[in-house]
Structures are given as C-alpha cells and as structure tokens.
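Student: Going left to right, the sequence shown walks through residues 3 to 335 as this note's numbering numbers them.
Supplied in structure tokens, the structure appears directly below.
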Amino acid sequence: FPPSMIPILTPTSENLQRAAEALRRGELVGMPTETVYGLAGDARDPAALARIFEVKRRPFFDPLIVHVAERAQLDDLCEVTPEAETLMRAFWPGPLTLVLAKKSTVPDLATSGLPSVAVRMPAHPVARALLRASGLALAAPSANPFGALSPTRPEHVATAFGTGIDCVLDGGPCSVGVESTVLGWENGEPRLLRAGGVPLEALQQALGKTIRTGESAPDSPKAAQASPGTLPWHYAPRTPLRLIAPGALPGTKAAGLLCFGKAGNASEYARVENLSPTGNLAEAAMNLFAALHRLDAAGLEILHATFVPDSGLGRAINDRLRKAAAAPKERER
Ligand code: TXA
Ligand code: MG
C-alpha cells in the first residue's frame with residue numbers, strides 16, 4: 003500500500019477517546035465492524051453527515067445506516083415493530099440492518115429525505131467501544147469511495163481517502179467480510195433490500211415466513227425509491243471484471259482469477275485468489291473484498307470470477323460479484 007496521511011490507530015482507551023472526541027467535533031472516523039469498515043460520523047449532526055457524502059463522493063439520494071450500541075438509543079430514532087423486535091432479538095448485535103419508520107429527530111440527510119431510517123447494532127468490539135465512548139448514534143456507510151470495492155482492512159480505508167478522516171481504528175480484518183443484510187417492510191410485508199451477512203434463510207426461519215427478494219411491485223410507493231444498494235453496479239474494482247463459467251480460459255497472459263473450491267484451470271492465470279479452497283462460504287465472504295483489492299492492485303488487464311453456490315452467504319457474495327461485473331465502462335479510471 004502507498005503511504006497514507008490518515009493515521010491507523012490501535013484501539014487503546016486513549017485512542018478511542020481521541021476518536022470519540024473527533025466524532026463529537028463533527029469529524030469522521032474509520033470504524034471497524036464485523037462486516038466492513040465504516041466511515042462514521044455523528045448521526046444527529048447535519049454537517050458531519052454532509053462530510054460523509056462529500057468524502058465518499060456519494061450521491062445524496064443514497065441514505066446511510068445509523069449504528070447504535072444500545073437498544074435504548076433507538077427510542078428517538080425509529081418505530082420498532084413486532085417483527086423488527088423478533089429479528090433484533092435473534093440477530094443483534096450482528097450483520098443485520100432494519101429499515102424502520104423514522105422519528106422526526108433524525109436529520110433528512112441521514113435518510114435522503116425518506117420517511118424511514120436504516121438501523122444496525124454492530125457486533126465488533128471496537129465499533130461498540132467507539133459508540134459507547136462517543137455516546138453518539140453513528141451514521142456509517144462503508145468506508146470506500148462510492149461504487150468502489152468495500153474495505154475489510156484498515157489499510158483499505160487509509161489508502162482510499164487522502165484526507166478528510168481524523169483516523170482509522172485498527173480492528174483487524176473483518177470477520178464477516180460482506181456488508182450487513184438490509185431488510186425493509188413494504189405494505190407490512192418484509193422485503194430483502196440487500197443480501198448480506200445474515201443469510202435470507204435464517205431471517206425466514208426467525209420470522210416463520212417467506213421474505214420477498216428482488217424488485218418492488220411496480221405499483222408500490224416504494225418502487226420509485228428502491229434501496230440504492232440495489233443499483234446494478236457497485237463494489238467494483240478498477241480492473242474490468244467478467245463472470246465466467248468454471249474452467250473457462252483466460253484468453254490473455256494478464257488475467258487474474260477469483261475462484262472458489264476446486265478451481266479447474268487456475269494454472270492458466272497470471273494471478274489466482276481462491277476465496278475458499280475447501281468450499282466454505284463464510285470463509286469466502288471473509289476473503290472476498292481483500293482478494294479483489296489484491297487482484298485490482300496487481301496490474302492485470304482483466305479479472306475473471308466464478309459464482310459460488312447461491313445459498314446462505316453465497317447470495318451476498320454472488321450479488322457483490324454481479325455488481326462488480328456490471329460496472330459501466332465510463333467508470334473505469
Ligand atoms: O455492513 C454494513 O451495513 C456497513 C457497515 C459499515 O455497517 N455499512 C454499509 O453502508 O454497508 P452503506 O452505506 O454502504 O450501505 C447502506 C445500504 C444502502 O444499500 C442503502 O441504500 C440502504 O442501506 N439504506 C439505508 N437507508 C435506507 C432506507 N431508509 N431505505 C432503504 N434503504 C436504505
Ligand atoms: Mg457501501
């Protein structure tokens with residue numbers, strides 16, 4: 003990694019205090035969570051929220067997730083429904099974000115003017131320590147420039163942004179490795195807005211019902227404002243990425259391969275990242291973005307990737323791969 007201006011700090015109690023003070027001053031901090039690193043700012047401070055959008059170059063129509071350490075912090079953020087309550091009991095703290103009716107004290111910038119707010123209680127001990135030390139609810143999108151690969155290592159954050167962040171707290175590599183699952187409700191029925199760290203199957207089991215996935219009904223008032231995480235491209239490396247069938251040929255000497263399990267013709271590629279040689283989906287999710295960052299830094303012409311089985315965490319992995327492959331040409335830098 004090239005040297006960065008942003009300090010990566012060990013989460014000692016002094017450094018946590020420093021980061022908490024920066025947050026209380028309206029500055030931004032790179033916060034480790036179990037899913038990916040977040041770019042955290044005070045969720046109640048419109049100036050801090052505006053900085054998040056500016057530093058990330060994120061369009062204002064894409065709302066943020068508000069992170070809390072305690073259930074009581076939700077009291078002046080959102081309305082908790084019985085189904086949300088069930089899911090919080092089953093999966094919090096953890097990689098599940100719930101989109102609930104917001105209270106008026108939540109700034110419009112956090113929600114892009116939507117009547118709902120996305121809330122999550124992270125499990126990572128450093129995220130929880132920072133939330134407690136600051137006493138704030140923290141808005142935190144993934145700490146990557148808009149559309150780019152998500153960060154799962156502190157270095158990914160420090161090198162992605164030149165300035166504009168007070169510090170990054172070092173929480174080590176993220177153990178889940180893909181973003182939280184985002185679940186909302188539409189006409190009272192749950193709908194998956196983004197596949198993520200809690201598998202759909204586990205949510206369905208907890209609620210005892212099938213959860214809708216995919217696009218909103220066209221007549222739904224929500225259809226026009228579908229969760230921006232469902233944009234067709236996102237999470238993209240700078241190197242073009244193509245999805246291939248297992249065993250396809252590289253076609254050029256400067257191709258990289260992202261694969262899973264037993265990889266047929268890996269020896270044909272200049273560089274190979276196997277997400278999990280033993281075929282373990284949790285391990286593959288944990289390795290996904292770091293492997294893509296390494297392949298992207300290797301100076302290759304093209305990256306090839308194969309899908310993983312589309313169950314459990316595989317659904318989130320395949321979603322990220324599809325979006326990485328769908329990056330339009332004009333986004334290549
Ligand atoms: O794992 C995660 O969720 C990470 C860590 C840092 O917590 N955060 C994250 O944030 O992935 P971000 O901003 O990259 O993704 C937030 C997702 C987007 O897809 C956004 O559209 C959706 O949540 N979202 C936020 N508020 C929403 C709302 N009110 N209605 C619908 N979707 C919402
Ligand atoms: Mg993101």
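A virtual CB, placed ideally from N, CA and C, is assigned to each residue, including glycine.
As the structure is a prediction and not an experimental result, all values here were calculated from the model.
#1: I need the DSSP call for Leu171, collapsed to helix, strand or coil.
#2: Which term fits Met7, buried or exposed, when burial requires 16 or more other beta carbons within 10 angstroms of its beta carbon?
#3: Ordered along the chain, which non-local residues of its own chain (more than five positions away) have a Cβ less than 7 Å from that of Ala286?
#4: Going straight from the alpha carbon of Met123 to that of Leu116, what length do you get?
#5: The beta strand (DSSP E) with Leu100 in it runs from where to where?
#6: Measure the Cβ-Cβ separation of Leu302 and Gly258 and say whether it is below 7 Å.
#7: Suppose the cutoff is 7 Å on Cβ atoms and the five residues either side in sequence are ignored; what does the same chain contact list for Asn146 look like?
#8: Nearest to Phe55 by alpha carbon, out of Gly199, Val68 and Leu41?
#9: Taking only three categories from DSSP, how would you classify Arg155?
#10: Which residues in the same chain as Arg130 place their Cβ atom closer than 6 Å to its Cβ, once the five residues preceding and following it in sequence are excluded?
#11: Just verifying my parser: in three-state terms, what is the DSSP assignment at Ala293?
#12: Is Val184 near Pro97, with beta carbons less than 7 Å apart?
#13: Tell me whether Ala22 is buried or exposed, calling it buried when 16 or more other Cβ atoms sit within 10 Å of its Cβ.
#14: If you draw a straight line from the C-alpha of Arg240 to the C-alpha of Ala300, how long is it?
#15: Could you check what DSSP says for Ser269 in three-state terms: helix, strand or coil?
#16: If you draw a straight line from the C-alpha of Gly43 to the C-alpha of Ala120, how long is it?
#17: With a threshold of 7 Å on Cβ separation, who are the neighbours of Leu111 within its own chain once the five nearest residues in sequence on each side are excluded?
#18: Is Pro220 buried or exposed, if buried means 16 or more other CB atoms sit within 10 Å of its CB?
#19: I need the straight-line Cα distance from Ala226 to Trp187, nearest angstrom please.
#20: Can you name, in chain order, every residue of its own chain whose Cβ lies under 7 Å from the Cβ of Phe58, other than the five neighbours on each side?
Tutor: Let's see:
#1: As a position in the sequence shown, residue 171 is number 169, starting the count at 1. Looking at Leu171 - three-state DSSP - the assignment turns out to be strand.
#2: Residue mapping note: residue 7 aligns to position 5 of the sequence shown, counting from 1. With fewer than 16 other Cβ atoms within 10 Å, it is exposed.
#3: Taking the first residue of the sequence shown as position 1, residue 286 is located at position 284. Only Phe262, Leu277, Ser278, Val310 and Ile319 meet the Cβ criterion.
#4: In the sequence shown, counting from the first residue as 1, residue 123 sits at position 121. In the sequence shown, counting from the first residue as 1, residue 116 sits at position 114. Met123 and Leu116: Cα-Cα distance of roughly 21 Å.
#5: In the sequence shown, residue 100 corresponds to position 98, counting from 1. Where Leu100 is concerned, the enclosing beta strand (DSSP E) stretches over Leu98 to Ala103.
#6: Sequence index remark: in the sequence shown, residue 302 carries index 300 (1-based). Sequence index remark: in the sequence shown, residue 258 carries index 256 (1-based). Going by C-beta atoms, Leu302 is nearer than 7 Å to Gly258.
#7: Indexing the sequence shown from 1 puts residue 146 at position 144. Result list for Asn146: Ser152, Pro153 and Ala162, in chain order.
#8: As a position in the sequence shown, residue 55 is number 53, starting the count at 1. Checked all of Gly199, Val68 and Leu41; the closest Cα to Phe55 is Leu41.
#9: Indexing the sequence shown from 1 puts residue 155 at position 153. If DSSP states are grouped into helix, strand and coil, Arg155 belongs with coil.
#10: Here residue 130 refers to the residue found at position 128 when the sequence shown is read from its first residue. Within the same chain, Arg130 has close Cβ partners Ala71.
#11: Start at 1 with the first residue of the sequence shown, and residue 293 comes out as number 291. Ala293: helix per DSSP, three-state reduction.
#12: The residue labelled residue 184 in the question sits at position 182 within the sequence shown. The residue labelled residue 97 in the question sits at position 95 within the sequence shown. Cβ distance not < 7 Å, so Val184 and Pro97 don't count as in contact.
#13: Taking the first residue of the sequence shown as position 1, residue 22 is located at position 20. The residue is buried, with at least 16 neighbouring Cβ atoms inside 10 Å.
#14: Translated into positions along the sequence shown, residue 240 becomes position 238. Translated into positions along the sequence shown, residue 300 becomes position 298. Distance between the alpha carbons of Arg240 and Ala300 is about 11 Å.
#15: Against the sequence shown, residue 269 aligns to sequence position 267. Helix, per DSSP.
#16: Locating residue 43 in the sequence shown gives position 41, where the first residue counts as 1. Locating residue 120 in the sequence shown gives position 118, where the first residue counts as 1. When rounded, the distance between both Cα atoms is 15 Å.
#17: What you label residue 111 is simply residue 109 of the sequence shown in a count that begins at 1. So the list reads Pro48, Leu51 and Ala52, once near-sequence residues are dropped.
#18: Against the sequence shown, residue 220 aligns to sequence position 218. Bear in mind that the predicted position of Pro220 carries a pLDDT of just 47, short of 50, making it too unreliable to give a figure here.
#19: Here the question's residue 226 lines up with position 224 in the sequence shown. Here the question's residue 187 lines up with position 185 in the sequence shown. The predicted model places Ala226 with a pLDDT of 41, which falls under 50 and marks its position as unreliable, so this point remains unresolved.
#20: In the sequence shown, counting from the first residue as 1, residue 58 sits at position 56. Residue 58 is actually Lys in this sequence, not Phe. Closer than 7 Å at the Cβ level, and outside the excluded window around Lys58, lie Leu41, Pro143, Pro147 and Phe148.
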